[in-house]
Amino acid sequence: MFIAVYEFEIKAGTEAAFRAAWLDVTKAIYQFCGSYGSRLHCSENPLIFVGYAQWPDRAQWERDHQLTDPVYLTARQKMRDCLVQSRTVYTLDVCDDYLQSVHS
Numbered sequence: 001m002f003i004a005v006y007e008f009e010i011k012a013g014t015e016a017a018f019r020a021a022w023l024d025v026t027k028a029i030y031q032f033c034g035s036y037g038s039r040l041h042c043s044e045n046p047l048i049f050v051g052y053a054q055w056p057d058r059a060q061w062e063r064d065h066q067l068t069d070p071v072y073l074t075a076r077q078k079m080r081d082c083l084v085q086s087r088t089v090y091t092l093d094v095c096d097d098y099l100q101s102v103h104s
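Residues 1 to 104, numbered by the working numbering, are exactly what the sequence shown covers, in order.
Right, here's the structure in full:
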């Protein structure tokens, strides 16, 4: 499994718009590009979010996904309109895994 970690710095007052657009973008990438989905995290700084996306492998993440879905394209532009900057902080291959979805 491959992981990409992103940092998003947003403009003040755009939190709700950014989060809504991020969700639509993420859903489209999951549906059309073969990702396993993503999580968005709030940081101590209310203008910084961290996203964690899972992929089957690096090749699938690197593939040139030419999405033409109108919902994706609109959401992507809305997301960009909220950004000051974004960057890929880490690209990681999972070497050991004990992440659990529920506590038993």
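Every residue gets a Cβ at the ideal spot worked out from N, C-alpha and C, and that includes glycine.
Verify whether the separation of the beta carbon atoms of residue i and residue j is less than 7 Å.
i     : j     : result
Ala21 : Thr88 : no
Ser86 : Phe18 : no
Asp81 : Phe2  : no
Ser38 : Trp55 : no
Arg76 : Val25 : yes
Apply the 10 Å Cβ neighbour rule to residue i and answer buried if 16 or more other Cβ atoms are within range, or exposed otherwise.
i     : result
Cys42 : exposed
Gly51 : buried
Ala53 : buried
State the CB to CB distance for the pair residue i and residue j, rounded to an integer number of angstroms; the pair is presumed to be in contact (CB under 8 Å).
i     : j      : result
Ile10 : Val102 : No, Ile10 and Val102 are not in contact; Cβ-Cβ is about 31 Å, not under 8 Å.
Cys33 : His65  : 4 Å
Ala12 : Leu47  : 6 Å
So what does residue i bridge to, in DSSP terms?
i     : result
Phe18 : DSSP lists no partner for Phe18.
Contact between the stretch 71-83 and the stretch 24-37 (3+ Cβ pairs under 8 Å): yes
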